[in-house]
Amino acid sequence: MLIRYKKSFEKIAMGLLSFMPNEKDLKRLQQTMKQYETEENRQLFLWKEGEDIIGLVGVTASDSTLEIQHISVNPSHRHQGIGKTMIKALDELYPGKTLTATEETESFLNKCDLNENKEKGSE
Ligand SMILES: CC(C)(COP(=O)(O)OP(=O)(O)OC[C@H]1O[C@@H](n2cnc3c(N)ncnc32)[C@H](O)[C@@H]1OP(=O)(O)O)[C@@H](O)C(=O)NCCC(=O)NCCS
């Protein structure tokens, strides 16, 4: 289940964020967290299964797009489809917006077949 970030999840969120290649530096990581907490167009979501938080996805929203800035899954839970499920859940949460990637997230986003359903729908 996709849930919105709140302050009580700060440590787990930082731990998950730190798996992103560009977020290894603690100062940079703290700055990124601050941006998610303070900038209105930035949103951080966590993926919860039972009592465990095992994934994170962070976006920057515009009127028409949702840019995936960060995506991370706990290493013990990878290769089970959670990354793709999070992207799908986000797409469903914002039906009016097109998901886009950054240089950092595009390799995974390209594997998510995001436009498959939309293309089918328009046939
Ligand atoms: C990327 C990540 C979120 C995927 O999570 P996941 O739950 O394992 O993803 P899924 O199970 O839905 O999909 C797995 C597939 O994603 C692909 N994949 C994993 N990491 C990838 C990457 N960095 N770039 C492109 N594709 C990637 C693989 O093809 C994998 O297939 P496999 O299971 O056959 O090996 C996870 O590997 C992670 O947290 N990585 C560290 C953070 C990171 O680098 N994020 C940016 C990724 S561009």
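In this text, residue positions in the sequence shown follow UniProt numbering: the first is 1, and each later residue adds one. We put the CB at the ideal spot given by N, CA and C, even for glycine. In this text the structure is predicted, and so the values were computed from the model without any measurement.
Should residue i be listed as close to ligand 1, given that the test is whether its C-beta is under 6 Å from any heavy atom?
i    : result
F108 : yes
T32  : no
S72  : yes
F45  : no
I68  : no
G15  : no
M1   : no
G58  : no
G83  : yes
R78  : yes
T102 : no
K24  : no
K111 : yes
Checking the sheet assignment: what are the DSSP bridge partners for residue i?
i   : result
G55 : W47, V73
I3  : L46
A61 : L66
Determine the DSSP secondary structure at residue i, reduced to helix, strand or coil.
i    : result
K111 : helix
E23  : helix
G15  : helix
R28  : helix
T105 : coil
Compute the beta-carbon to beta-carbon distance between residue i and residue j, rounded to the nearest angstrom, for a pair I have assumed lies under 8 Å.
i   : j   : result
I53 : L46 : 5 Å
L16 : G55 : 7 Å
L66 : L90 : 7 Å
Tell me which residue opens and which closes the beta strand (DSSP E) that residue i is part of.
i    : result
T100 : 98-101
Within the continuous alpha helix (DSSP H) that includes residue i, where are the two ends?
i   : result
E92 : 82-93
With a threshold of 7 Å between beta carbons, is residue i in contact with chain D?
i   : result
A89 : Of the chains in the structure shown, none is chain D; there is only one protein chain.
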